[in-house]
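Read through the structure below, which is laid out as structure tokens, and then see the notes.
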Amino acid sequence: MRAEEIRQEIEASLEDVKFACGSESVVTYFKSQQQWMKDYKVQAIIELDLKIKKNENSFKFFCAACFPFGYATATPSESKGFKVHKDSMSESLSGLLTRQVEGFSDLFQENVAAKLKALAEQEEDQSCGVTSNV
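In our numbering, the protein residues as written are 1 to 134.
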């Protein structure tokens, strides 16, 4: 994948996560490949500030974008790099979060249902000649 394709893939994946839980993210791209990146073809490290439950604090979640493989959890290491956990590898970022973060899938489904309900109500209002901003 070319650099622009990688950026587009990561940005699209982050939109899914933002839709699910409104998280903030920091993506770190690397100009040159470091030794710790080679085994899994790490293209970027994504730091997510996740808040799954409304009454709980947010927490940091690190993952590596490893193309063409997908995404894997990562932890900062003392050697200024990251340890990539190959056993967590998933084809998508939302798939990784669904498997690794308790409550992410439920939150995502709740937000999808709410969005669909709002769209249905908007459509119903428009069919009756009434428009509203949702």
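We treat Cβ as the ideally placed atom computed from N, Cα and C, and that holds for glycine.
These numbers come from a predicted model, not from an experiment.
Asked: I need the straight-line Cα distance from K115 to Q109, nearest angstrom please.; Found: 10 Å
Asked: So L97 packs on V42, CB below 8 Å; how close in whole Å?; Found: Wrong, their Cβ atoms sit about 18 Å apart, outside the cutoff.
Asked: Below 8 Å, can you find three or more Cβ-Cβ pairs linking the segment 28 to 38 to the segment 64 to 81?; Found: yes
Asked: Could you say which of E47, N55 and A64 lies nearest to I6 if we only look at CA atoms?; Found: A64
Asked: On a Cα-Cα basis, can you pick out the residue from E15, K31 and S32 that is closest to S25?; Found: E15
Asked: Here's the rule: buried if 16 or more other CB atoms are within 10 angstroms of the residue's CB, otherwise exposed. What is C128?; Found: exposed
Asked: What is the DSSP secondary structure of C21, counted as helix, strand or coil?; Found: helix
Asked: By the 10 Å Cβ neighbour count, where 16 or more other Cβ atoms means buried, how is G70 classified, buried or exposed?; Found: buried
Asked: Where does V101 fall in DSSP's three states?; Found: coil
Asked: Give every residue of the same chain whose Cβ lies closer than 6 Å to the Cβ of S90, excluding the five residues on either side of it in the sequence, and list them in chain order.; Found: G70, Y71 and L96
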